Amino acid sequence: MPEHNKPTHDLKTVQSVFSNTQGLHITGTALRDAAALGYGSEGIIETIQSIEASHFYKSMPSEKKPGTWQDVYRVPDGDIELYVKFTSDVVTEFRLLSFKER
Numbered sequence: 007m008p009e010h011n012k013p014t015h016d017l018k019t020v021q022s023v024f025s026n027t028q029g030l031h032i033t034g035t036a037l038r039d040a041a042a043l044g045y046g047s048e049g050i051i052e053t054i055q056s057i058e059a060s061h062f063y064k065s066m067p068s069e070k071k072p073g074t075w076q077d078v079y080r081v082p083d084g085d086i087e088l089y090v091k092f093t094s095d096v097v098t099e100f101r102l103l104s105f106k107e108r
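Each residue of the sequence shown is one higher than the one before, starting from 7 at the first, in the working numbering.
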């Protein structure tokens, strides 16, 4: 399936879900990558809240869950640009898949 150049998920809804630590559902890989960059849960949440529509990079199909789409944002943070990817999730509404330096 080809990538899309428009987000699959509403950014404001994602930011609403990821507005506190109870809503932060994140893969182990994303959590480890964020920690390696010095981000804790609060820093991850702050970064997600800072995402703007102009940071959107692409929407791509999931390799592991056919029919599921993942939105990717390139988020500037100081001297680095972060690669932040999330998808919809049956249990938790949204799940953060990637949080790493691009």
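Virtual Cβ for every residue (Gly too), placed ideally from N, Cα, C.
Values in this document were obtained by computation on a predicted structure and should not be read as measured data.
| said: Alpha carbons only, please: which of F100, E99, K91 is nearest the one belonging to K106? | reply: K91
| task | Determine contact between the stretch 82-90 and the stretch 15-29, defined as no fewer than three beta-carbon pairs at a distance below 8 Å. | result | no
| task | State buried or exposed for T53, treating a residue as buried only when at least 16 other CB atoms are found within 10 Å of its CB. | result | buried
| query | CA-CA distance, P13 and R80? | reply | 13 Å
| query | Rounded C-beta distance between L103 and T19? I'm assuming under 8 Å. | reply | Not confirmed; about 17 Å, so no contact.
| said: So for E87, helix, strand or coil by DSSP? | reply: strand
| Cα-Cα, which of G49, T93, Q55, E58 is closest to E69? | T93
| said: Let me confirm a value: D77 is counted as buried when at least 16 other C-beta atoms fall within 10 Å, else exposed. Which label applies? | reply: buried
| task | Spell out the partners DSSP gives F145 in its beta bridges. | result | What is shown of the chain runs 7 to 108, which leaves residue 145 out entirely.
| Would A40 pass as a contact of I50 if the rule is Cβ separation under 8 Å? | yes
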